[in-house]
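S.K.:
In mature numbering (1 follows the signal peptide of the UniProt record, and there is no 0), the protein residues as written are -25 to -1, 1 to 510.
#1: With a cut-off of 8 Å, do at least 3 Cβ pairs link the region 126 to 134 to the region 83 to 96?
#2: Tell me which residue opens and which closes the alpha helix (DSSP H) that residue 470 is part of.
#3: Determine the closest residue to residue 581 out of 10, 316, 401, 460, with distance taken between C-alpha atoms.
#4: Where residue 492 and residue 341 are concerned, what is the direct C-alpha to C-alpha distance, given to the nearest angstrom?
#5: Along the chain, where does the alpha helix (DSSP H) containing residue 288 start, and where does it finish?
#6: Within a Cβ cutoff of 6 Å, which residues of the same chain sit near residue 348, ignoring the five residues on either side of it in sequence?
#7: Mapping the DSSP letters down to three states, classify residue 511 as helix, strand or coil.
#8: Can you tell which of 267, 9, 73 has its C-alpha closest to the C-alpha of residue 203?
#9: Going by the C-beta, is residue 35 closer than 7 Å to any heavy atom of the ligand FMN?
#10: What residue ranges within the region 254 to 324 form continuous beta strand (DSSP E) runs of no fewer than 3 residues, ordered along the chain?
#11: Would you kindly check if the distance between the Cβ of residue 433 and the Cβ of residue 318 is under 8 Å?
#12: When burial is assigned at 16 or more other CB atoms within 10 Å of the CB, is residue 369 buried or exposed?
#13: Along the beta strand (DSSP E) that carries residue 477, what are the first and last residues, could you check?
#14: Using only CA atoms, which one of 470, 486, 489 lies nearest to residue 157?
#15: Need the endpoints of the alpha helix (DSSP H) that residue 154 sits in, please.
#16: Can you tell which of 175, 187, 403, 182 has its C-alpha closest to the C-alpha of residue 287?
#17: Can you find at least 3 beta carbon pairs, one from the region 100 to 119 and one from the region 57 to 66, that sit closer than 8 Å?
#18: Are the Cβ atoms of residue 392 and residue 323 separated by less than 8 Å?
#19: Compare the C-alpha of residue 154 against each of 55, 234, 429 and name the closest.
#20: Go ahead and label residue 126 buried or exposed: buried means 16 or more other beta carbons lie within 10 angstroms of its beta carbon, across all protein chains shown.
#21: Quick one, which of 218, 418, 249 has its alpha-carbon nearest residue 278's?
#22: Would DSSP call residue 77 helix, strand or coil?
#23: Nearest to residue 292 by alpha carbon, out of 147, 418, 270?
#24: Look up residue 438 in the DSSP assignment and say whether it is helix, strand or coil.
#25: Return the CA-CA distance between residue -3 and residue 15, expressed in angstroms with no decimal places.
#26: Determine which residues share a DSSP beta bridge with residue 209 and list them.
#27: Straight-line CA distance for residue 296 to residue 351?
#28: Beta-carbon within less than 6 Å of residue 564's beta-carbon, same chain only, minus the 5 sequence neighbours each way: which residues are those?
#29: Measuring CB to CB, does residue 192 end up less than 8 Å from residue 234?
#30: Bridge partners of residue 105, per DSSP?
#31: Could you give the DSSP three-state label for residue 462: helix, strand or coil?
#32: Quick one: grab the DSSP three-state call for residue 430.
#33: I'd like to check one pair, residue 217 with residue 439: are the Cβ atoms closer than 8 Å?
#34: Spatial neighbours of residue 496 within its chain, please: CB distance less than 8 Å, with the 5 preceding and 5 following residues excluded, ordered by chain position.
#35: Starting from the C-beta of residue 66, find all residues in its chain whose C-beta is less than 8 Å away, skip the five residues before and the five after it, and write them out in chain order.
#36: In angstroms with no decimal places, state the Cα-to-Cα distance between residue 18 and residue 147.
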């Protein structure tokens, strides 16, 4: 009797090892060491100081697979405290690693911090960038591409190549001078140019007849951009983790902080073609070009640049409404996206957020519902964990008279929110929520009111992490608060964020459980009122 039992135990043991091996094969640990320094690069025709990561501008590209675990040691060699945030990476149950001043102490000069996070249940084109001061204006940004697991299909043939394009506005002025401008109470000047992958000239090479993926992200400070490729249509396949209905576009508006992924087939005569990114909704149009080079081309780029759309806000809003969820496709998980019927869930509450520009003590500030955010010297997440009072206000955005505050909005884990971004200004807006994707269910002109819900797309609106809000218009989103933590909701326009157009969403459950949120990291940096505390 003993031998069959031993054999059974052996078989079970082998199966267990195989199961662990299969999991680990898809969920490996990836280790990186990045050193942040200043350097000089010639950009827009003149040398200037930029922020380098491992001597690269833009920073290194992070190519990972869904559920990979990332261990990244960041060494700060700048003369100022520094943090990176992972734009669009959900940080499941792990706002400790979000890399913003509400969750992390900045890394002091000549010091380091090791980020530990997982690309959990995500695919798509994302970015990272500095969240401290005006460092983003000097560089330190890069691409973070999350590829699908081998066992999860994608709704298109594997492309023959994969190109990443970081597009964005750029200043010749140093980041410290730009910060001084904002600190003095003035707005930033108009940008000096637009870059593609940190350059004004770059080339992407492919073979005639083959299809290539272009991952396009707007990493600029403030300006919406239109992207197009001379003589070629673009098939939109993914937007910030959502597989979408695969429509063809001649050009795409990409707003600040947003990413889109397209497939382009090189089906034209063999020559070189312009790739163009130009500013939208600006009196002066700034343009950057790159080259799409057919490998068998003997002809340089020529002819006029492909034109940007003649129409502005209405055209752009109409284009945004054509972005629809592919309901039968999976995304990072095997179940179809359409199996989650978000439109049949009754919201727990409705929050209307109105942005505004005003002067406080004679200086320009931006506000949400009349309250302009100010950073505390102690990260809100740490103050919350150690029960330190007086660091942040839990009711500022919801009724306190106008002014400045360290604003936190209390919510409960598993709430389902309707959030309306009301833009009463003449400027384009872009809003981002850390830790989450949300359904962008409606755009409209003028003032939002409950009757506008009749125009919502409650069937196949896509999820994304950043949405645009057109001038004197509104955008409505639905978000399922399934990720406990302290999460930053902010303007993606960095001037506006820096001067107060942000707050934090406290997604809370009073029962402390690893099923809801990870423990405080053992290597947590301590600053402000938590210095000397022990996790």
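We put the beta carbon where it would ideally sit given N, CA and C, even for glycine.
M.R.: In short, the structure shows the following:
#1: no
#2: 469 to 473
#3: Because residue 581 is not part of the residues shown, which for the chain are -25 to 510, the question remains open.
#4: 32 Å
#5: 288 to 296
#6: 382, 475, 477, 478
#7: The requested residue 511 does not occur in the structure, where the chain is confined to residues -25 to 510.
#8: 267
#9: The ligand FMN is not part of the structure shown, which contains no ligands of any sort.
#10: 262 to 269
#11: yes
#12: exposed
#13: 477 to 483
#14: 470
#15: 150 to 158
#16: 403
#17: yes
#18: yes
#19: 55
#20: exposed
#21: 249
#22: coil
#23: 418
#24: strand
#25: Here residue -3 scores only 43 on pLDDT, less than 50, and its place in the model is too uncertain to base an answer on.
#26: 224
#27: 39 Å
#28: Since the first residue shown for the chain is -25 and the last is 510, residue 564 is missing from the structure and cannot be characterised.
#29: yes
#30: 59
#31: strand
#32: helix
#33: yes
#34: 71, 72, 91, 510
#35: 72, 73, 92, 409, 410, 458, 460
#36: 8 Å
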